[in-house]
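Student: Numbering (this note's numbering), first residue to last: 170 to 536. Cβ atoms here follow ideal geometry from the backbone N, Cα and C, with glycine treated the same way.
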Amino acid sequence: MLESILSYVVWDPNPAVFPGFERLRWYSLCFALGFIISQQFMVYFFRKEGQDENLVDKLTIYMVLATIIGARLGHVLFYEPEKYLSNPIDILKVWEGGLASHGAAIAILIALWIYAKKTPGQSYLWVVDRIVIVTAMTGALIRFGNLMNSEIGGKETLTDNGFVYAWHIEELLQSLKVPVESIEAYKPSDRQGELQGNGIVPMNIDIEINKGPYDLADLENTLRRDIKYALTQFNSSKNYYAEQVETPLDLTIVDQGDRYLATVKTFGKAKHPTQIYESVSYFIIFLILLAIWNHYRERTPEGLLLGLFLISVFGMRFVWEFFKENQVDFEESMAFNMGQLLSVPLVVGGIILVILALKKGPKPLKN
Numbered sequence: 170m171l172e173s174i175l176s177y178v179v180w181d182p183n184p185a186v187f188p189g190f191e192r193l194r195w196y197s198l199c200f201a202l203g204f205i206i207s208q209q210f211m212v213y214f215f216r217k218e219g220q221d222e223n224l225v226d227k228l229t230i231y232m233v234l235a236t237i238i239g240a241r242l243g244h245v246l247f248y249e250p251e252k253y254l255s256n257p258i259d260i261l262k263v264w265e266g267g268l269a270s271h272g273a274a275i276a277i278l279i280a281l282w283i284y285a286k287k288t289p290g291q292s293y294l295w296v297v298d299r300i301v302i303v304t305a306m307t308g309a310l311i312r313f314g315n316l317m318n319s320e321i322g323g324k325e326t327l328t329d330n331g332f333v334y335a336w337h338i339e340e341l342l343q344s345l346k347v348p349v350e351s352i353e354a355y356k357p358s359d360r361q362g363e364l365q366g367n368g369i370v371p372m373n374i375d376i377e378i379n380k381g382p383y384d385l386a387d388l389e390n391t392l393r394r395d396i397k398y399a400l401t402q403f404n405s406s407k408n409y410y411a412e413q414v415e416t417p418l419d420l421t422i423v424d425q426g427d428r429y430l431a432t433v434k435t436f437g438k439a440k441h442p443t444q445i446y447e448s449v450s451y452f453i454i455f456l457i458l459l460a461i462w463n464h465y466r467e468r469t470p471e472g473l474l475l476g477l478f479l480i481s482v483f484g485m486r487f488v489w490e491f492f493k494e495n496q497v498d499f500e501e502s503m504a505f506n507m508g509q510l511l512s513v514p515l516v517v518g519g520i521i522l523v524i525l526a527l528k529k530g531p532k533p534l535k536n
């Protein structure tokens, strides 16, 4: 019984941190928190190692600009060049989505090289070795933001374990031509006997509707038509839900006095919560790199932390891409998707850096 109850999750958080105020979204908040927390860590690093901590403000500007510009241009060039190069003004519309971590990584490495050239007393590798620690932490926060936005999800698990991403249909049903007061998708406890072990799992949707002037029969006809259409006729709906076109919609409506409660019994597709996989792995990498710096910073050869970061972060990215849905159509015909192909040279670069750092050997202890 317990196994069936815990088998899957219907995931439907509002992407807005404060419902009704759509401008502040979880992704934006996590992105900003990543930089704020990172800045405090860098102040701590600089202070512990006798560097001028006032330089962190300058460094932060380089990092913020490199991350945003690099991530945006990375998506444009790696994933959708034809779309954006045919209409370059759309490149500036960052709020519409489309950021690539590989582009951010390349841009950050270039920006830090420029920073180090203009900052006497700090070598390029010394700076990068500290930056990668907080970058791993920021990556974990950003993937958590993706989870709260119900984006960059995984492929179907084909088992009854995973996440059913339901926010899309809730948002779509808000546009019903009736006075909708609330919509909630959830995992029904009384339908667990319908599990078949194939990843098509029961999901209910409760819709509260203000009575207004609506006749119950007319309302039911409208809901049956419009909800069925929403669940079956959009490509995004077909990707997340398993409502069959040829079967009647399982809909019941209960009169609750001043409102109606419509309950739709349908099915979702259990998918890998790859945002969690990535977020947890990046946070573990952050803790490992931080521990190495904390215990061995005086003897760690320059470039070692950068090399370990590139190997671990982009190595894990290569693995998790096997479980993620492809971002663009052209990846469907590829043995390895774009995220994996872009990860390979970064992992190779990390291996080279680790080898060179180990050849240098540990720094001599200061007297």
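My output table needs one value for Thr469: the three-state DSSP class, helix, strand or coil.
Tutor: Three-state DSSP puts Thr469 in coil, outside helix and strand.
Student: Consult DSSP for Leu527 and reduce its assignment to one of helix, strand or coil.
Tutor: Note: Leu527 maps to helix in three-state DSSP.
Student: Is the separation between the beta-carbon of Phe374 and that of Thr432 shorter than 9 Å?
Tutor: The question names Phe, yet the displayed sequence has Ile at residue 374. Yes, these two residues count as a Cβ contact at 9 Å.
Student: Hey, out of Ala280, Leu224, Glu353, Val414, whose CA is closest to Gly290's CA?
Tutor: Of the candidates Ala280, Leu224, Glu353, Val414, the one whose C-alpha sits nearest the C-alpha of Gly290 is Leu224.
Student: For the beta strand (DSSP E) holding Ala431, just list the boundary residues, first then last.
Tutor: Taken as a continuous stretch (DSSP letters only), the beta strand (DSSP E) holding Ala431 covers 428-438.
Student: Run the CB neighbour count on Glu490, radius 10 Å, all protein chains shown included, and call it buried at 16 or more, exposed below.
Tutor: So Glu490 counts as buried.
Student: Note down the Cα distance separating Lys529 from Ile480, rounded to an integer number of angstroms.
Tutor: Cα-Cα distance, rounded: 19 Å.
Student: Can you tell me whether Asn408 is helix, strand or coil according to DSSP?
Tutor: Asn408 falls in the helix class under three-state DSSP.
Student: Taking just the CA atoms, how far does Leu268 sit from Gln496?
Tutor: In a straight line, the C-alpha of Gln496 is about 11 Å away from that of Leu268.
Student: Here's the rule I'm using: 16 or more other beta-carbon atoms within 10 Å means buried, otherwise exposed. How should Trp195 be labelled?
Tutor: Trp195 is buried by the Cβ-count criterion.
Student: Tell whether a beta-carbon distance below 9 Å holds between Arg468 and Pro531.
Tutor: Contact: yes.
Student: Mapping DSSP to helix, strand and coil, what is Leu228?
Tutor: Correct three-state label for Leu228: helix.
Student: Any chance the region 174-190 sits against the region 355-370, with 3 or more Cβ pairs inside 8 Å?
Tutor: The answer is yes - the region 355-370 touches the region 174-190, with three or more Cβ pairs under 8 Å.
Student: Quick check on the burial criterion: 16 or more other C-beta atoms within 10 angstroms. Buried or exposed for Phe210?
Tutor: Per the 10 Å Cβ criterion, buried.
Student: To which residues of the same chain is Glu494 closer than 7 Å at the C-beta, ignoring the five residues directly before and after it?
Tutor: So the qualifying residues of the chain are Gly322, Gly323, Lys324.
Student: Just how far apart, CA to CA, sit Gln425 and Lys227?
Tutor: Whole-angstrom Cα-Cα distance: 60 Å.
Student: What did DSSP end up calling Lys217 once you bin it into helix, strand or coil?
Tutor: Helix at Lys217.
Student: Quick one, which of Asn390, Gln444, Asp384 has its alpha-carbon nearest Arg428's?
Tutor: The shortest C-alpha separation from Arg428 is found at Asp384.
Student: On a CA-only basis, which of His271, Leu364, Pro442 is nearest Phe492? Give me that one, please.
Tutor: It is Pro442 whose Cα lies nearest to the Cα of Phe492.
Student: Please name the residue or residues paired with Trp180 in a DSSP beta bridge.
Tutor: BP columns for Trp180 point to Tyr334.
Student: Tell me, to the nearest whole angstrom, how far the beta carbon of Val541 is from that of Met372; I am working on the premise that it is less than 8 Å.
Tutor: The structure shown does not extend to residue 541, since the chain is modelled only from 170 to 536, so the question has no answer here.
Student: Taking DSSP as the reference, what is the three-state secondary structure of Gly484?
Tutor: It is helical.
Student: Counting only the same chain and skipping the five closest in sequence on each side, list residues whose C-beta sits under 7 Å from that of Lys438.
Tutor: Once the five neighbours on either side are set aside, the close Cβ partners of Lys438 are Glu325, Val333, Gly368, Ile369, Tyr409, Tyr410, Ala411.
Student: So which of Leu418, Ile453, Glu500 has the shortest CA-CA distance to Thr307?
Tutor: Of Leu418, Ile453, Glu500, the residue nearest in Cα terms is Ile453.
Student: Answer yes if the region 399-407 comes into contact with the region 337-353, meaning at least three C-beta pairs across the two stretches below 8 Å, and no otherwise.
Tutor: Yes: at least three Cβ pairs fall under 8 Å.
Student: So for Met503, helix, strand or coil by DSSP?
Tutor: Met503 falls in the coil class under three-state DSSP.
Student: Is the region 308-322 close to the region 211-219, with three or more CB pairs under 8 Å?
Tutor: Not touching, per the Cβ criterion.
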